[in-house]
Structure formats: C-alpha cells, structure tokens
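Quick note: the sequence shown uses my numbering, first residue 50, plus one each step.
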Amino acid sequence: MSDHTASYYAATANDDTRHPELEGEISADVCVIGGGFTGISSALHLAEKGYDVVLIEGERVGWGASGRNGGQICTAFNKSMGDIEKLVGKEGADAMWAVEIAAKDMIRERVEGHKIDCDLTWGYLHAATKPSHMGHINETRDEWARYGYTDTAVYDKLQLEERLASKIYHGALWEGNAGHIHTLNYALGLARAAKEAGVRFFEDSHVTKIDKGPSPRVSTAKGIVKAKFVVAAGNAYLGKLLPYLYHRVMPVGSFVLATKPLGEDRAHSLIRDDDCVCSSDNIVDYYRLSKDGRMLFGGRANYTGYEPADLFSYMRPRMLKVFPQLADAQLDYCWGGNLAITLDRLPHVGSIDGNIFFAHGFSGHGLALTGICGKLIAEAIAGTAEQFDVMAKIRHQPFPGGPIRTPILALGMLYYRLRDLLS
50 MSDHTASYYA ATANDDTRHP ELEGEISADV CVIGGGFTGI SSALHLAEKG
100 YDVVLIEGER VGWGASGRNG GQICTAFNKS MGDIEKLVGK EGADAMWAVE
150 IAAKDMIRER VEGHKIDCDL TWGYLHAATK PSHMGHINET RDEWARYGYT
200 DTAVYDKLQL EERLASKIYH GALWEGNAGH IHTLNYALGL ARAAKEAGVR
250 FFEDSHVTKI DKGPSPRVST AKGIVKAKFV VAAGNAYLGK LLPYLYHRVM
300 PVGSFVLATK PLGEDRAHSL IRDDDCVCSS DNIVDYYRLS KDGRMLFGGR
350 ANYTGYEPAD LFSYMRPRML KVFPQLADAQ LDYCWGGNLA ITLDRLPHVG
400 SIDGNIFFAH GFSGHGLALT GICGKLIAEA IAGTAEQFDV MAKIRHQPFP
450 GGPIRTPILA LGMLYYRLRD LLS
C-alpha cells in the first residue's frame, strides 16, 4: 500500500482517507488519471456539472508534486506577458491573464467554500539577487499594472531588509494577491469535496494502458474503466502512456528542507510579514514559514533525474547562504519530487481525438494554474471551450534529443547555474 513521501506536509496532514484499488471493469462518463491538483480539480468541476467521474491514482491522492511542492501561489505564467502577447496576440494575452487571475480567486473560493484547513496566507516577495535584476522587477510591476494588477510595491534593499532578514538581495517586488499554502492539506481538502460531489476515487492503481477510440478504455493491473472522456492529469508522473504528451514535457527534480520549529519570535524575525519569497536567479530559491514556525526552504532544481543521496547536505548550504543566522537551526525533514516543464515554460493544454483532454507542464507555477486548467477541461468536455481553446492554441514543440534529452537539458541548465554564479 502506497504512502506519501516523508515530509513536513505528510507529517502534518489532516486527512488520512484511503481509497480502494481499482478491481474489475467499471464505466463512467469521465475517467481522470492522476490524483493531483489538475485531476482533482477536473473531477470536482465535472461532478458539479452532473458527470459520473472516476479518478484513478497510481499511489495516493496528492502523492506527486501537488503534495510536495513549496506551497507558493504565483501570479502569472513562467513567461512575461510581453512574450505571451507575441505568441497569442493582445486579445489572447488578455484572456490568458484573466485565466491566471481567476486561478488565484478559485483557491480562495475553494478554501472558504469547502472549509479546507490549509494555512492559506497572502503575501509574496520576488527578491532580486543582483542589482541588475531590479530593472526586471520594475518592468514586471509596470507590465502587471497595464493588465490592471496594482496590488504591488517595489522595495529597495533597505526597505526589503526591514521585512526579510537577509543581506544578499538588492530589492524586491511585493504583491498582495499571491501567497502560500499547506499544499498537501489543500489537495486532500479538494479531494474530500470531490468525493462528496460523487467522484469515485481509486488509489494504488497505476494505469498501464489507454486505448483510444470513440469509447476510451483505461487499464490498470487489476481493472478497466470504460468512459466517454479521459482526462490525462499525471503531469511529471504520466510517463509514456501518451507519447505525444511525453515528448512535450520534462520532469525536473526540486527539493525542500524543513527546520524544526524556530519559535514565533525567531521565525518572524526572518520574514516579518509571513510572506513567501522567490529569488530572481535562473535556478531559483523559494522559501516561507510554516504555520508552526519552521523555515521551509526549497530550490536546487535537478535536471539529471537523480536524487542526491544526502538531501540535507544538498539543501542546507543554500539555506545558510540566504540565512547564515540559521546555522544552529535543527533540521527535521528534507524531501524532493518532480515537476514538469515545457520547452517554452507555458502550460501544455489540449485534447487528443476530441475525447482525451490534458493539462500539464506548468513549469513551477502549477499550484494555481492546475486548478483553473481543471476547470477549463471540465468546461470543454461540457461544450464550452472558449477559454480552454485560448490555452490550447499555443503550439508546443517536443524537447530535442530523443533518448538523450535529459543529459542535454542538464547541460543547458548547468549553463544557467554558472550564469547565476558568475553574473
């Protein structure tokens, strides 16, 4: 029987519901593959529309990136709106911006509407690690203002140091409508809401085959689901079930370190206003405080596919570079997992044969975007695909290299890591 990866999130999960393994042959209107945010959101929205939905998870609900990530709710995509305008035009960019804003609103609405206990906190700092990065900080603030988003402020180095007890930054962009969350408890809360809406969940049920056709069939080791529609929501863990999708995303490892509780005074001496923080490096650091006063420090993206043998030793120096005053802090948990990136760093959304829908490759911005993309998939299945089509129009190229694409990407990211060190 599967369990969650050992982590701060797993240790403080507030729901230990287990779901049965799929056995035998069943039917549904929609079969959702993957028990993370995209899959649960799709299932919940479809059930609310009256569809009979089955969700299949290979491990446990929230087992993948949805239950292990840094918990940061980001604004915008992993690409500037100016670049997005070049891809889809101003009208398309306006529609994508509306999707992004709705994504954050949805988190607030789901947490409040379903009474999900997940430590939702607002406030986000984009911290500049180089003086030259302040130009991009100001450009981002101005660009967002053109789209009507003005809940922001730019801090210089001294202003930032009043809020963040680190000397390595040169300023920051603060925003009020982004923040952080206990990511596993949010996933479990959404799953509870979906189950109450009628979704049938199955865990420990790895999908072995998807048979396409007018009535797709999804097979596991012990069962089959016959459905009218399939939602492929495995993201970095979908594997080669659908080769068209496999070639357009790459799994990337990321890691999080959790200290033991620091005490309220010490914790908030580090991050005064309980904001979450993300650095402006090419290989970013991201960190925040937990509800019980731990430092949760993430980053050190790994493109090789291998997890370091000693994660504590791998992550601790990075944390101490930002907060040398934590040299005496006791460490409690360190864990990793895979997220999925696309070549252009925009989510890959679309359908295959008109009845297999997918959304993946959120490229580090998935906590909010997964939920809204689940809603767009549900709308498209129900026949209202305007916003879905805006996302689906973006043409995504496969990663180059075929069987050697992983070492090629690892070499490319080594270049960016060297740029961070030398610039």
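C-beta: ideal position from N, C-alpha, C; glycine also.
Name the residue from Ser-328, Asn-351, Tyr-382 whose alpha carbon lies nearest to the alpha carbon of Arg-365.
By 1-based counting over the sequence shown, the position of residue 365 is 316. Of the residues Ser-328, Asn-351, Tyr-382, the one whose Cα lies closest to the Cα of Arg-365 is Tyr-382.
When DSSP labels each residue in this structure, what does Pro-69 get in the three-state scheme?
Here residue 69 refers to the residue found at position 20 of the sequence shown. Three-state result, Pro-69: coil.
Please list the terminal residues of the continuous beta strand (DSSP E) segment that includes Asn-404.
As a working mapping, residue 404 is identified with position 355 in the sequence shown. Per DSSP, Asn-404 belongs to no beta strand (DSSP E) and is neither H nor E.
Could you pull the DSSP bridge partners for Val-274 from this structure?
Taking the sequence shown and counting its residues from 1, the one referred to as residue 274 is at position 225. DSSP, once it has assigned bridges, lists Ile-75, Val-267 as partnering Val-274.
Measuring straight from C-alpha to C-alpha, what distance separates Ile-217 and Val-371?
In the sequence shown, the residue the question calls residue 217 occupies position 168. In the sequence shown, the residue the question calls residue 371 occupies position 322. Spanning the two alpha carbons is a distance of roughly 7 Å.
Would Lys-153 pass as a contact of Arg-394 if the rule is Cβ separation under 7 Å?
Locating residue 153 in the sequence shown gives position 104, counting from the first residue. Locating residue 394 in the sequence shown gives position 345, counting from the first residue. Their beta carbons are not under 7 Å apart, which means Lys-153 does not touch Arg-394 by this criterion.
Which of helix, strand or coil does DSSP assign to Asp-205?
Position 156 of the sequence shown, counting from 1, holds the residue named residue 205. The answer is strand: DSSP assigns Asp-205 an E or B state.
If we call anything under 7 Å between Cβ atoms a contact, is Ile-430 one with Phe-278?
Taking the first residue of the sequence shown as position 1, residue 430 is located at position 381. Taking the first residue of the sequence shown as position 1, residue 278 is located at position 229. In contact: Ile-430 and Phe-278 (Cβ atoms closer than 7 Å).
Please identify the residue among Ala-55, Tyr-295, His-94, Gly-131 whose C-alpha is closest to the C-alpha of Ile-421.
For this step, residue 421 is matched to residue 372 along the sequence shown. Nearest option by C-alpha distance: His-94.
Go through its chain and collect everything with a Cβ distance to Asp-205's Cβ below 6 Å, but skip five positions before and after it.
Counted from its first residue, the sequence shown places residue 205 at position 156. If we look at Asp-205 and ignore the five residues flanking it on each side, its Cβ neighbours are Gly-220.
To the nearest angstrom, how far is it from the Cα of Ala-92 to the Cα of Val-103?
The count along the sequence shown starts at 1 and reaches residue 92 at position 43. The count along the sequence shown starts at 1 and reaches residue 103 at position 54. Those two C-alpha atoms are separated by around 8 Å.
Does the Cβ-Cβ distance between Gly-413 and Ala-389 come in under 7 Å?
The residue labelled residue 413 in the question sits at position 364 within the sequence shown. The residue labelled residue 389 in the question sits at position 340 within the sequence shown. No. Outside cutoff.
Span of the beta strand (DSSP E) around Trp-384:
Indexing the sequence shown from 1 puts residue 384 at position 335. Start and end: 380 to 390.
By Cβ distance, which residues of its chain are closer than 6 Å to His-317, with the 5 residues on each side in sequence left out?
For this step, residue 317 is matched to residue 268 along the sequence shown. So no residue of the chain qualifies.
Sort Ala-358, Met-299, Gln-379 by Cα distance to Leu-345 and report the nearest one.
Counted from its first residue, the sequence shown places residue 345 at position 296. Nearest option by C-alpha distance: Gln-379.
State the Cα-Cα distance for the pair Ala-480 and Phe-406, rounded to the nearest angstrom.
There is simply no residue 480 to check, as the chain begins at 50 and stops at 472 in what is shown.
Within its chain, find whatever has a CB closer than 7 Å to the CB of Gly-342; leave out the 5 residues flanking it on each side and keep chain order.
Position 293 of the sequence shown, counting from 1, holds the residue named residue 342. Same-chain partners within the cutoff: Pro-310, Leu-311, Gly-312, Glu-313, Ala-316.
Tell me the DSSP secondary structure of Ser-329 in three-state form.
Walking along the sequence shown from the start, residue 329 turns up at place 280. Here Ser-329 sits in coil by DSSP.
Below 7 Å between beta carbons: does that hold for Val-110 and Ala-240?
Translated into the one-based positions of the sequence shown, residue 110 becomes position 61. Translated into the one-based positions of the sequence shown, residue 240 becomes position 191. Contact flag set, yes.
Same chain, Cβ closer than 6 Å to Ala-350, neighbours up to 5 away in sequence not counted:
Locating residue 350 in the sequence shown gives position 301, where the first residue counts as 1. Excluding positions up to five away in sequence, the list reads Val-301, Ser-303, Ile-332.
Helix, strand or coil, according to DSSP, for Trp-193 in the structure here?
By one-based count along the sequence shown, residue 193 stands at place 144. Reduced to three states, the DSSP call for Trp-193 is helix.
Burial state of Gly-228 (16 or more Cβ within 10 Å)
Mapped onto the sequence shown, residue 228 falls at position 179. So Gly-228 ends up on the buried side.
Reduced DSSP category for Ser-181 - H, G, I as helix; E, B as strand; rest coil
Against the sequence shown, residue 181 aligns to sequence position 132. Reduced to three states, the DSSP call for Ser-181 is coil.
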